[in-house]
Amino acid sequence: MLGELVVLKEGVYEEIRQARSLHELEEIRIKYLGRKGIFTSVFKCLVRIPKEERKEIGRLANEIKNKVEALISKKKTKIKRREEDFLKRSSIDITLSPPLPDIAKKHPLTKVLDEIIVIFEGLGFQIEEGPEVESSYYNFDALNIPASHPARDMHDTFYITDEVLLRTHTSPVQIRVMERTKPPIRIIVPGKVYRRDADISHSPMFHQVEGLLVDEDTSFAELKGVLTLFVHRIFGEETRIRFRPSFFPFTEPSAEIDISCVMCKGNGCGVCKTTGFVEILGAGMVDPEVFKAVGYDPERFSGFAFGMGVERIAMLKYGIDNIRLFFENDLRFLEQF
């Protein structure tokens, strides 16, 4: 037993000497001096030792235990002093409050999309969604886009098979909604769309918001009123708006909507190509052929539809000149919003 105590003494002294932190020191204290520690076990074993040896072994065990307590206390003081000296030498002011973590901010596209949704929800429009992987029937045929139309060319569309593709616009959702719903209909469809196009103002994946209103006696004047209100809410009351005749296979008559250039306030600049106006969306009255595809009576019902690119709106609203900034995840850019 005496030999075991000598080995124990040498081991615990070395562990204390090697300790480098208060945490390590506390683990050593618990291991040897804790309620279930090694010295507790040693003292419990004394009753089984012959009387003539018990006194000597007990004395040595108490001596080692007291020495261990003293060494741990001394080492603890040394470690604390070393840590305090380090803090004094460093530039850290431990009395200061810790820095606050960076707080996440909404992506500019999310901010603009949320704003668009709030505006149209205030006008009674409901949100609808649809699949991003679409059939050519819903993406083209039912929208009165014939097989010979340039929009169906593979240079514009990501085809998965001859009849399955990544949707090129959110318009297929209006067909799906009209197939299962009878008028009146008043919806917007926010979502991702895909086209084979990439430069500073186009991306292979981008976001659109489609709008559709169908009822009896719907007029182009209502379309103009809705979009004028939207433009003034998103860009400000001072923004001028104009409707230019255009062509879309699924609307007739059709128009492109321009607003006074937000960069030069309509005075003419490089962004608006000196015209004072920039195009922001397309719209028009729903073509009767589209109503026939979903089983609506075009003699009874009329409606209008519009579609806009969220990136386009965000670039004009915030003065951003490169669409790729939205997708590069550069915090220097995103933190500005």
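Just so you know, my numbering puts 1009 at position 129 of the sequence shown, and the rest follows in order with no gaps. We treat Cβ as the ideally placed atom computed from N, Cα and C, and that holds for glycine.
Practice task
Count the C-beta pairs between the region 1055-1066 and the region 1168-1184 that are closer than 8 Å, then say yes if the count reaches three, no if not.
Solution key: yes
- If I'm right that L902 touches K956 with Cβ under 8 Å, what's the distance once you round it to whole angstroms? 7 Å
* Please report how far the alpha carbon of T1098 lies from the alpha carbon of E1136, in whole angstroms. => 19 Å
ask   = Comparing alpha-carbon positions, which option in L951, L926, E949 lies nearest R939?
value = L926
| message | Run through the DSSP bridge pairs and tell me what T990 is partnered with. | response | T990 is not bridged to any residue.
Does L1218 pass the burial test, meaning 16 or more other C-beta atoms within 10 Å, or should it be called exposed? As shown, the chain starts at 881 and ends at 1217. That puts residue 1218 outside it, with no answer to give.
If you count every other CB in all the chains shown that lies within 10 Å of the CB of N1024, and 16 or more means buried, which is it? buried
Select from L1196, R1212, H1049, D1036 the residue whose C-alpha is nearest the C-alpha of V992. L1196
Does the contact criterion of 3 or more C-beta pairs under 8 Å hold for the region 1163-1172 versus the region 1145-1152?
no
Notebook entry, point to check: Tell me, which residues are paired with G1162 by DSSP?
Noted result: E1136, G1187
In three-state terms, what does DSSP make of R1204? helix
Exercise. Excluding five sequence neighbours on each side, which residues of the same chain lie with their C-beta closer than 7 Å to the C-beta of R1192?
Worked result: I1160
Whole-number beta carbon distance between I1068 and N1090, since they are thought to touch under 8 Å: In the sequence on display, residue 1090 carries Glu and not Asn. Going by Cβ atoms, the distance from E1090 to I1068 rounds to 7 Å, so yes, they are a contact pair.
Review point. Using DSSP with H/G/I as helix, E/B as strand and the rest coil, what is V1174?
Key: coil
- Item | Residues bridged to F1123 (per DSSP) | I1137
Whole-angstrom distance between F1217 and V998, CA atom to CA atom:
19 Å
Neighbour-count burial assignment, F1184, 16 or more Cβ in a 10 Å radius
buried
- Task: Return the CA-CA distance between Y912 and E949, expressed in angstroms with no decimal places.
- Result: 10 Å
**Asked** Under the three-state reduction of DSSP, which class applies to R1076: helix, strand or coil?
**Response** coil
**Report entry** Secondary structure of S921, DSSP reduced to three states
**Finding:** helix
Write down the C-beta distance between S1134 and F1157 rounded to the nearest angstrom, noting that I regard them as a contact closer than 8 Å.
-> Contact doesn't hold; Cβ gap of about 18 Å is too wide.
Exercise for the section: Look at the alpha carbon of S1126 and the alpha carbon of N1209, and state the distance between them as a whole number of angstroms. Expected result: 36 Å
request  = Report yes or no: do three or more beta-carbon pairs, one from the region 981-989 and one from the region 1007-1022, lie closer than 8 Å?
outcome  = no
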